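Asker: Residue numbers (the UniProt record's numbering): 1 to 316.
Glycine residues also receive a C-beta, built at the ideal position from the N, C-alpha and C atoms.
Just so you know, these numbers come straight off a predicted model, no measurement behind them.
Quick one: this structure, given as structure tokens, is what I'll be asking you about.
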Ligand SMILES: Nc1ncnc2c1ncn2[C@@H]1O[C@H](COP(=O)(O)OP(=O)(O)OP(=O)(O)O)[C@@H](O)[C@H]1O
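What follows is the structure, encoded as structure tokens:
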């Protein structure tokens with residue numbers, strides 16, 4: 001879908017992107033995360049063709065974004081972190097204006113407006129002036145504008161910033177809708193807790209370099225990672241503590257005759273041995289849950305680990 005190859009981008013006296021390469025698969029939502037100043041906005045601006053890199057290239061469905069920007073822009077939507085709306089125009093006028101600017105033919109503009117308003121749940125606001133909309137609705141209008149031409153690839157820079165929790169939930173739903181309609185999305189955010197809800201992939205950047213890239217599952221609670229496991233029995237059984245003590249590779253944190261919490265360092269094999277031991281002893285296990293490492297914790301752990309790594313990052 002989009003392939004970024006060895007991008008280098010410099011501001012005067014500062015290298016903002018340093019040999020950045022990655023590929024995004026179709027119909028995915030990639031969370032672009034990293035500390036302030038990591039290079040997220042710069043990466044989006046370069047990928048959108050607004051900035052030309054010093055070296056490297058960006059290809060969208062085999063179109064070179066910087067060599068053929070017109071063709072690339074027909075296939076992409078981009079919402080910058082700071083955007084403006086025409087406050088005196090109605091939602092419908094804003095969308096019509098953008099449809100015309102994006103080259104949507106006159107006979108298709110009406111359909112494009114209705115579809116964009118529908119998927120961003122703005123249909124009942126079409127006659128309201130943009131200047132009267134709440135922040136969450138303004139954000140949705142801006143996304144509707146950025147996607148009015150039905151692009152296959154969409155980049156949204158910090159769309160959740162400044163939104164209250166309800167508006168952020170609405171935004172997450174809107175992103176899932178766009179993805180379900182076949183769009184491939186990159187979204188940057190500092191609100192890690194919510195990325196779990198809608199992202200399929202994570203692209204972590206720091207000091208202009210990729211630190212990690214891959215499906216969320218590669219970062220969160222991999223099957224071989226140490227995990228916290230909670231166990232619950234349907235009825236009390238005094239043998240629980242004794243049976244757990246006999247399984248190598250686990251540390252019991254808390255146990256009574258019905259519940260236990262423990263940590264394992266041995267990955268899938270240890271978990272299998274543990275569950276087998278419980279079932280073979282005839283204990284009535286009704287819950288055996290491995291708690292996933294939260295994305296936020298995983299992010300912080302990965303960033304800390306990157307402090308001690310040689311330059312070059314990690315992918316997968
Ligand atoms: N116009 C500019 N001129 C010079 N340096 C810039 C300019 N814009 C950004 N930078 C620098 O480039 C680096 C990357 O900035 P960028 O805005 O891409 O980071 P970011 O990850 O989007 O940050 P944030 O999370 O704070 O929005 C930062 O060190 C920033 O100070």
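Mind reading off the beta-carbon distance from residue 30 to residue 201? Whole number of angstroms is fine, and I expect it under 8 Å.
Answerer: Right, the Cβ-Cβ distance comes to about 4 Å (below 8 Å), so this counts as a contact.
Asker: Which of the three DSSP states is assigned to residue 249 in this structure?
Answerer: Residue 249 falls in the coil class under three-state DSSP.
Asker: Taking the straight line between their C-alpha atoms, what separation do you get for residue 138 and residue 279?
Answerer: Going by the C-alpha atoms only, they are around 55 Å apart.
Asker: Leaving out the 5 sequence neighbours to the left and right, which residues in its chain are closer than 7 Å to residue 95 when beta-carbon positions are compared?
Answerer: Cβ within range, chain order: 113, 116, 117, 144, 145 and 148.
Asker: At what residue ranges does the segment 45-102 contain a whole run of the alpha helix (DSSP H), taking only runs of 4 or more?
Answerer: Runs of the alpha helix (DSSP H) inside the segment 45-102: 69-75 and 91-101.
Asker: Check each candidate in 21, 2, 26 and 9 and name the one with the smallest Cα separation from residue 180.
Answerer: Residue 180 has its Cα closest to that of 26, out of 21, 2, 26 and 9.
Asker: Could you give the C-beta distance for residue 136 and residue 167, rounded to a whole number, given that I count them as a contact under 8 Å?
Answerer: Yes, residue 136 and residue 167 are in contact; Cβ-Cβ is about 3 Å, under 8 Å.
Asker: Classify residue 16 as buried or exposed, calling it buried when 16 or more other Cβ atoms lie within 10 Å of its own Cβ.
Answerer: Flag for residue 16 reads buried.
Asker: Quick one: measure Cβ to Cβ for residue 155 and residue 303, integer angstroms, because I've assumed they're closer than 8 Å.
Answerer: So it is not a contact: roughly 23 Å between Cβ atoms.
Asker: Please report the Cβ distance between residue 261 and residue 230, rounded to the nearest whole angstrom; I am assuming they are in contact, meaning their Cβ atoms lie under 8 Å.
Answerer: Between residue 230 and residue 261 the Cβ distance is about 5 Å, and since that is below 8 Å, they are a contact.
Asker: Inspect the CB distances between the segment 33-52 and the segment 66-81 and report whether three or more fall short of 8 Å.
Answerer: Segments in contact, yes.
Asker: Taking just the CA atoms, how far does residue 152 sit from residue 82?
Answerer: Going by the C-alpha atoms only, they are around 22 Å apart.
Asker: Judging by CA-CA distance, which residue of 103, 120 and 87 is the nearest neighbour of residue 169?
Answerer: Considering only alpha carbons, the answer is 120.
Asker: Consider the C-beta atom of residue 176 and the heavy atoms of ligand 1; say whether any pair is separated by less than 6 Å.
Answerer: The answer is no for residue 176.
Asker: Return the first residue and the last residue of the beta strand (DSSP E) that residue 262 is part of.
Answerer: Where residue 262 is concerned, the enclosing beta strand (DSSP E) stretches over 259-264.
Asker: How far does the alpha helix (DSSP H) with residue 15 in it extend, from its first residue to its last?
Answerer: Note, residue 15: premise wrong, no alpha helix (DSSP H); beta strand (DSSP E) at 14-24.
Asker: Looking at residue 6: is its Cβ nearer than 7 Å to the Cβ of residue 84?
Answerer: In this structure, residue 84 does not lie closer than 7 Å to residue 6 by Cβ.
Asker: Compare the beta carbon distance of residue 208 and residue 247 with 7 Å and say whether it is the shorter of the two.
Answerer: For residue 208 and residue 247, no; Cβs fall outside 7 Å.
Asker: For residue 230, write down the residues that DSSP places opposite it in a beta bridge.
Answerer: Residue 230 is bridged to 261 and 289.
Asker: Taking residue 296 as the reference, give the member of 249, 189, 283 and 102 with the closest Cα.
Answerer: Closest by alpha carbon: 189.
Asker: Using the C-alpha atoms, what's the distance from residue 141 back to residue 80?
Answerer: In a straight line, the C-alpha of residue 80 is about 13 Å away from that of residue 141.
Asker: Tell me which residues share the same chain as residue 275 and place their Cβ nearer than 7 Å to its Cβ, disregarding the 5 neighbours each side in the sequence.
Answerer: Closer than 7 Å at Cβ, skipping near neighbours: 288.
Asker: Is it true that the CB of residue 284 sits closer than 7 Å to the CB of residue 234?
Answerer: The answer is yes: Cβ separation under 7 Å.
Asker: Among residues of its own chain, excluding the 5 on either side of residue 102, which ones have a beta-carbon nearer than 7 Å to its beta-carbon?
Answerer: Counting only Cβ-Cβ distances below 7 Å, and skipping sequence neighbours, we find 148 and 149.
Asker: Any heavy atom of ligand 1 closer than 6 Å to the beta-carbon of residue 48?
Answerer: Residue 48 Cβ: outside cutoff for every heavy atom of ligand 1.
Asker: Using three-state DSSP, classify residue 129 as helix, strand or coil.
Answerer: Of the three classes helix, strand and coil, the one that applies to residue 129 here is strand, per DSSP.
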